[in-house]
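There are 2 protein chains.
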Amino acid sequence: MSVIDHTGLRLPAGLARRTAAYGPSFWAGLDSLFGLHPDIIYFGGGVPSQELIPVERLRYASDLAWADAPAALDYGEVAGYRPLRHLIADRMTAQGTLVDAGQVVVTNGSQQAIDLAARLLLNPGDAVVVEAPTFIDAIRSFAAYEATFLEVPVDQDGMRIDALREVLRGAAIPPKLIYTIPTFQNPSGTSLSLSRRHELLDVAREHGLAVIEDDPYGELRYDGDPLPSLRSLDPHVIYLGTFSKTIAPGLRVGWVAAPEHLLELFRMAKEGTDIHTARIVTRTVFHAAEGFLDDHVAGLRAVYRARREVLLETLAAEMPAGLRWSRPDGGFFVWVELPETINASELLPMAAANGVIFLPGSGFYPNPATGGSHALRLNFSALPEDRIREGIRRLAAVIR
Amino acid sequence: MSVIDHTGLRLPAGLARRTAAYGPSFWAGLDSLFGLHPDIIYFGGGVPSQELIPVERLRYASDLAWADAPAALDYGEVAGYRPLRHLIADRMTAQGTLVDAGQVVVTNGSQQAIDLAARLLLNPGDAVVVEAPTFIDAIRSFAAYEATFLEVPVDQDGMRIDALREVLRGAAIPPKLIYTIPTFQNPSGTSLSLSRRHELLDVAREHGLAVIEDDPYGELRYDGDPLPSLRSLDPHVIYLGTFSKTIAPGLRVGWVAAPEHLLELFRMAKEGTDIHTARIVTRTVFHAAEGFLDDHVAGLRAVYRARREVLLETLAAEMPAGLRWSRPDGGFFVWVELPETINASELLPMAAANGVIFLPGSGFYPNPATGGSHALRLNFSALPEDRIREGIRRLAAVIR
């Protein structure tokens, strides 16, 4: 029963089917592009600006965290450090989403929360409704649970609920859940309007669908009034939050605010996966955030708002006719639609040779054949204003 | 399609089948016992002694780690901090297991490495060969991938290979992999003899089975000469290591030394699960371990050897006739077999009321009906010698 592959290695009798989801990394595919120009301007990030990471505050917080050693170096706190869970719940509640600390399970970033939610909800072949385009790594997380995808297009008001209803009517398999990034969506930058929020939840109730609300960017609003979270409108929503965009991604601390009937399962799944998140790190994030995070986020908003303006102004000034782009009220991204004559994946190596890298749109579709060929995502959070200007000039030159 | 449960909550159209693995936590079930006596002596741990956690060294290491901020606070290092991977590979190689840093993927403890291995190898219904008894949380990890189990009994030389061959002959489903803790096994304390190591690998080759070697305790040898790791005898073995037992479990840093044909898949699965392990923590573990860990482990060995002696001596002095126990050459555990007239799960609340808690044996069997009813696991690493003596006296009194 041993299987010999072409390299002569003995393989296990067979890999799991789900490994089909682990094809070459989208991100790894970008690596070769960085050698094409000595001074690449990288619009591909989905990260806070490195100089805005509050390093001194975190070092201070880390010192406080270590005061809990050695007890905090033992196993414990499957759901996460209690004061951090209270801080999360209090901030969510202050922002209009009533959540109790007992409903919070701390995870290694919201990526792990997506994985745990998929683990609890999906059998092989189950269908997941997603925005098209949507977050690359969420697609892979669901694919690793052998999900199929139902894609619903977005417009300037987020997921099109008319299209959602149509997709559900035509679905060969009734889907299990809706995964949505309703606020400052990755990659489109658009937000689901208030009326559509209610409609989406109505549809979910009608069809018995679970709803995962992924909200990494919600606090980073630059214009207009906050929209209520889906979770604030329906306590059955599985809400995912993270400190990756407001404090630092490399610390890997996020959370799920789970509905009551899934709460114990989230705890069990977290324990079964990696027992708990590193306790020194959850303490560090708590001490960094307490009495600091609101002001810090206000500072981030000011910087990112200005960068967004520079990006939008430079796009308007430099880009030839025939391109359109989103005007996000927050978050990190602008989605650019190219003329039908330009394929973004083919454009990318030319752009890289000219010193600029973006993410081509097709990566954001579960089935790259369905869309994104003529679109690209630009990040504006991670680059200083002058680099944004220069990068867009370079990109416009290639497109022209 | 909405489903209303008995509490009136709306449930998703259905949970994943795998959630059957997430029944009540074995550990949570112990909580109520701690109230039964004002001074519980807890033999249930699988942890290093808290006073032996090198807190000062870790704080020094943490300061060095923070010197890499803010770069180390961004996303990065899916496979783990390169110097840590080199340190792991160099230590394994020095201990006789030739591994290259490029083959190492850092994980959140070996628990996550078990999860990733199961993720890459198991389809629902696939069978996994395990020692009976075996590590509780490994059972749950595999069960969460809807595995079935083939149990192979252990004796004083570890997994019985004659029984393994018999199990394979009788298997309705040819298994996919063997999960083994060959050295200072949890919970039995026994080690697989050298000849059986070769035989186990022969059987795996004959049947095309993947082998996962879980080795959390291998460095903690108190008697005799080291046995070669399975991985040192066959580079196709998936080797799991951890710093949880030698440095601190709460930091959640372990690793997999993956065979070449699975290496990229382990990296992709890690990235797809939680992107990477917290980079400040992997740096902290590196700086703590470098130039320190070998001496530290030597110190641990001296303390734990003495505690094992006290446990074994007190068992011999206090226990009535009719009990048998393992005599481990290393690790953390002694496995005690009770007379057939005593059920360990029924004994436990009586023992707790008398001030002592152990882990009943049936938790260590995938199917609790198959064994462990008349056995229990005692940890000796986490308790001072006088507490071990007093705890065994209390337990013996209850058994008598």
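Protein sequence lines, in the order shown, are assigned to chains X and C.
For the first sequence, our numbering gives the first residue as 1, with consecutive numbering after it.
For the second sequence, our numbering gives the first residue as 401, with consecutive numbering after it.
Think of the CB as a built atom: it goes at the ideal place given N, C-alpha and C, for glycine as much as any other residue.
Next item on the list: Under 8 Å by Cβ, that's how I've got Gly446 of chain C and Leu73 of chain X pegged, so tell me the actual separation to the nearest angstrom.
Entry: Actually they do not touch by this definition, with Cβ atoms about 15 Å apart.
Notebook entry, point to check: Beta-carbon separation of Ala101 of chain X and Ala113 of chain X under 8 Å?
Noted result: It is not a contact, given that the beta carbons lie outside the stated cut-off.
Checklist line | Cβ pair Ala706 of chain C, Ser449 of chain C closer than 8 Å | finding: Contact check for Ala706 of chain C against Ser449 of chain C fails: the beta carbons are separated by 8 Å or more.
Notebook entry, point to check: Is the CB-CB distance between Gly23 of chain X and Ser541 of chain C below 8 Å?
Noted result: No.
Note to self: Relative to the C-alpha of Tyr475 of chain C, which candidate in C:Pro760, C:Ile680, C:Ile742 has its C-alpha closest?
What the structure shows: Comparing alpha-carbon positions, the option among C:Pro760, C:Ile680, C:Ile742 lying closest to Tyr475 of chain C turns out to be C:Ile680.
Check: Around the C-beta of Gly761 of chain C, are 16 or more other C-beta atoms found within 10 angstroms, so that it is buried, or is it exposed?
Finding: Buried is the label assigned to Gly761 of chain C, since at least 16 other Cβ atoms lie within 10 Å of its Cβ.
Next item on the list: Return yes when the Cβ of Thr646 of chain C is within less than 8 Å of the Cβ of Leu568 of chain C, no when it is not.
Entry: Not in contact: Leu568 of chain C and Thr646 of chain C (Cβ atoms no closer than 8 Å).
Next item on the list: Taking Ile578 of chain C as part of the beta strand (DSSP E), name the residues at either end of that continuous run.
Entry: Residue range 577 to 580 is occupied by the beta strand (DSSP E) that includes Ile578 of chain C.
Note to self: At the 8 Å Cβ level, is Tyr765 of chain C part of the contact set with chain X, yes or no?
What the structure shows: Not closer than 8 Å to any Cβ of chain X, the Cβ of Tyr765 of chain C fails to qualify, so no.
Item checked: Touch test, the stretch 460 to 470 of chain C against the stretch 660 to 670 of chain C, Cβ-Cβ under 8 Å, three pairs minimum -> At 8 Å Cβ cutoff, the stretches do not touch.
Note to self: Spatial neighbours of Val336 of chain X within its chain, please: C-beta separation below 7 Å, excluding the five flanking residues on both sides.
What the structure shows: These residues qualify, in order along the chain: Leu323, Trp325, Ala375, Leu376, Leu378.
Check: Does Asp474 of chain C come within less than 8 Å of chain X when only Cβ atoms are used?
Finding: Taking 8 Å as the CB threshold, Asp474 of chain C lines the interface with chain X.
Check: Which residues of chain X have a Cβ atom closer than 9 Å to the Cβ of Val447 of chain C, listed in chain order?
Finding: Neighbours of Val447 of chain C on chain X, chain order: Asp74, Tyr75.
Next item on the list: With a 10 Å radius around its C-beta and 16 neighbouring C-beta atoms as the bar for buried, classify Ser195 of chain X as buried or exposed.
Entry: With fewer than 16 neighbouring CB atoms inside 10 Å of its own CB, Ser195 of chain X falls in the exposed class.
Check: Quick one: is Gly672 of chain C near chain X, going by C-beta distance under 8 Å?
Finding: Interface residue, yes.
Note to self: Does any residue of chain C have a CB that is nearer than 8 Å to the CB of Ser232 of chain X?
What the structure shows: Not one chain C Cβ lies under 8 Å of Ser232 of chain X.
Notebook entry, point to check: Looking at Phe184 of chain X and Asp294 of chain X, is the spacing between their C-beta atoms short of 8 Å?
Noted result: Contact: no.
Check: If you pair each beta-carbon of the stretch 573 to 582 of chain C with each one of the stretch 601 to 618 of chain C, do three or more pairs fall below 8 Å?
Finding: By the Cβ test, the stretch 573 to 582 of chain C is in contact with the stretch 601 to 618 of chain C, since at least three Cβ pairs between them sit closer than 8 Å.
Next item on the list: Check distances from the C-beta atoms of the stretch 81 to 110 of chain X to those of chain D and list, in chain order, the residues that come in under 7 Å.
Entry: The structure shown contains no chain D; its protein chains are X and C.
Checklist line | Start and end residues, beta strand (DSSP E) containing Ile612 of chain C | finding: DSSP places Ile612 of chain C in the uninterrupted beta strand (DSSP E) bounded by 610 to 614.
Next item on the list: Say whether chain C places a C-beta atom closer than 8 Å to the C-beta of Ala269 of chain X.
Entry: At a cut-off of 8 Å between beta-carbon atoms, Ala269 of chain X makes contact with chain C.
Next item on the list: At 7 Å on the CB atoms, spell out the chain X contacts of Ala698 of chain C, in chain order.
Entry: Near Ala698 of chain C there are no residues of chain X at all, since even the closest Cβ is about 20 Å away, more than 7 Å.
Note to self: Tell me the residue span of the beta strand (DSSP E) that contains Phe333 of chain X.
What the structure shows: Run containing Phe333 of chain X: 333 to 337, per the beta strand (DSSP E) assignment.
Next item on the list: Would you identify the three-state DSSP class for Gly791 of chain C, choosing helix, strand or coil?
Entry: The three-state secondary structure of Gly791 of chain C, taken from DSSP, is helix.
Item checked: Proximal chain C residues relative to Arg140 of chain X, where beta-carbon distance stays under 7 Å -> By Cβ distance, chain C contributes Gly672.
Notebook entry, point to check: With a Cβ-Cβ cutoff of 8 Å, do Leu311 of chain X and Phe380 of chain X count as a contact?
Noted result: If you check the CB distance, Leu311 of chain X and Phe380 of chain X come in under 8 Å.
Check: According to the neighbour-count rule (16 or more other Cβ atoms, all chains shown, within 10 Å of its Cβ), is Glu613 of chain C buried or exposed?
Finding: Answer is buried; the Cβ neighbour count reaches 16.
Next item on the list: Step through the CB atoms of chain X and report whether any lies within less than 8 Å of the CB of Trp466 of chain C.
Entry: At least one CB atom of chain X sits nearer than 8 Å to the CB of Trp466 of chain C.
Margin query: Against chain C, does Gly250 of chain X count as a neighbour if the rule is that its beta carbon must be under 8 Å from one of theirs?
Written below: It does: the Cβ of Gly250 of chain X has a partner Cβ on chain C nearer than 8 Å.
Check: Alpha carbon to alpha carbon, what distance is there between Arg631 of chain C and Gly496 of chain C?
Finding: Spanning the two alpha carbons is a distance of roughly 10 Å.
Next item on the list: Tell me, please, whether the CB atom of Tyr422 of chain C is closer than 8 Å to any CB atom in chain X?
Entry: Put simply, the CB of Tyr422 of chain C is near chain X, with a gap under 8 Å to one of its CB atoms.
Next item on the list: Pick out the complete beta strand (DSSP E) segments inside the stretch 618 to 655 of chain C, 3 residues or longer, and give them in chain order.
Entry: Uninterrupted beta strand (DSSP E) stretches at least 3 residues long and entirely within the stretch 618 to 655 of chain C occur at 638 to 642, given in chain order.
Checklist line | Residues near Arg457 of chain C by beta carbon distance below 7 Å, same chain, minus five either side | finding: Scanning its chain for C-beta atoms nearer than 7 Å, with the 5 sequence neighbours on each side dropped, one finds around Arg457 of chain C the residues Ala688, Phe692, in chain order.
Notebook entry, point to check: Cβ of Ser25 of chain X less than 8 Å from any chain C Cβ?
Noted result: Interface residue, yes.
Note to self: Quick check on the burial criterion: 16 or more other C-beta atoms within 10 angstroms. Buried or exposed for Ser432 of chain C?
What the structure shows: In this structure Ser432 of chain C is exposed. Its beta-carbon is surrounded by fewer than 16 other beta-carbon atoms within 10 angstroms.
Check: Per DSSP, Trp325 of chain X is paired with what?
Finding: DSSP output for Trp325 of chain X lists X:Val336 as bridge partner(s).
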